[in-house]
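The numbers in the working numbering rise by one with no breaks, and the one at position 1 of the sequence shown is 1.
To start, the structure itself, in structure tokens.
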Amino acid sequence: MFIKQAFDDFLNLEYTRIDINQIKVSMPVVPLYLNSLGVVHGGIIATLADVALGNLLPITNKEGIQEVVTLDINITYLEPATGEYLIAVASPERIGRTIIHGECKIYDDKNNIVAKSSAILKKTLNK
Numbered sequence: 001m002f003i004k005q006a007f008d009d010f011l012n013l014e015y016t017r018i019d020i021n022q023i024k025v026s027m028p029v030v031p032l033y034l035n036s037l038g039v040v041h042g043g044i045i046a047t048l049a050d051v052a053l054g055n056l057l058p059i060t061n062k063e064g065i066q067e068v069v070t071l072d073i074n075i076t077y078l079e080p081a082t083g084e085y086l087i088a089v090a091s092p093e094r095i096g097r098t099i100i101h102g103e104c105k106i107y108d109d110k111n112n113i114v115a116k117s118s119a120i121l122k123k124t125l126n127k
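Structure representation (structure tokens):
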């Protein structure tokens with residue numbers, strides 16, 4: 001199960017759990033997401049990474065309420081993001097009792113890595 005929020009519907013996000021430690025989130029690229037250069041705005045890419053990293057742990061509550069919050073996120077842009085869709089692939093580097101260190105790579109529809117991200121997440125009291 002994944003977090004349920006209206007923002008995901010707005011972005012048309014699709015979630016796939018690859019395995020217990022890896023998640024894939026895909027997002028179509030629409031004109032609203034493009035900057036004045038015609039490439040995906042960096043904030044959209046950072047949002048995609050944050051959403052993927054925030055869903056690393058399977059949700060254990062029936063309501064789909066998030067069980068982690070982002071404490072720190074870093075993103076490095078490697079290539080201009082263009083194409084029909086973007087895919088974020090996130091996995092944990094370390095899962096502690098309350099803190100999770102995760103990493104995420106963002107790919108375009110030609111499987112080029114356009115950005116990479118790392119984050120520190122904190123488990124909420126729901127756990």
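Note that CB positions come from ideal geometry on N, CA and C, so glycine has one too.
Cα-Cα separation, residue i to residue j
i: P28; j: A88; result: 12 Å
i: G55; j: K123; result: A small correction: the amino acid at residue 55 is Asn; Gly does not occupy that position in the sequence shown. Taking the straight line from one Cα to the other gives about 11 Å.
i: I95; j: N21; result: 10 Å
i: V39; j: A49; result: 17 Å
i: L71; j: V51; result: 13 Å
i: I44; j: P31; result: 12 Å
Of the listed residues the options, nearest to residue i (C-alpha basis)
i: A6; options: P92, S91, K123 and Q66; result: Q66
i: N112; options: Y15, G102, Y77 and F10; result: Y77
i: I120; options: V114, V25, S91 and D108; result: S91
i: A46; options: D108, H101, S36 and I73; result: I73
i: A14; options: L37, Y85, K110 and P31; result: Checking the displayed sequence, the identity of residue 14 turns out to be Glu instead of Ala. Measuring from the Cα of E14, the nearest candidate turns out to be Y85.
i: L53; options: I99, D108 and V30; result: I99
i: V69; options: G83, T82, H101 and H41; result: H101
Residue i - containing alpha helix (DSSP H), residue span
i: D109; result: Unbroken run through D109: none, as it is neither H nor E.
i: T98; result: Premise fails: T98 is in no alpha helix (DSSP H) and is neither H nor E.
i: A49; result: G42 to G54
i: L11; result: A6 to L11
Proximal residues to residue i (C-beta, below 6 Å), its chain only, five neighbours per side dropped
i: N116; result: According to the sequence provided, residue 116 is Lys. The question's Asn does not apply to it. Cβ neighbours of K116 beyond the five flanking positions: T76 and K105.
i: T16; result: K24
Opening and closing residue of the beta strand (DSSP E) in which residue i lies
i: I89; result: As written in the sequence, residue 89 is Val, which differs from the Ile given in the question. Per DSSP, V89 belongs to the beta strand (DSSP E) from Y85 to I95.
i: T16; result: E14 to D19
Cβ neighbours of residue i in the same chain (closer than 7 Å, five flanking residues each side left out)
i: N12; result: M27 and P28
i: G42; result: Y77
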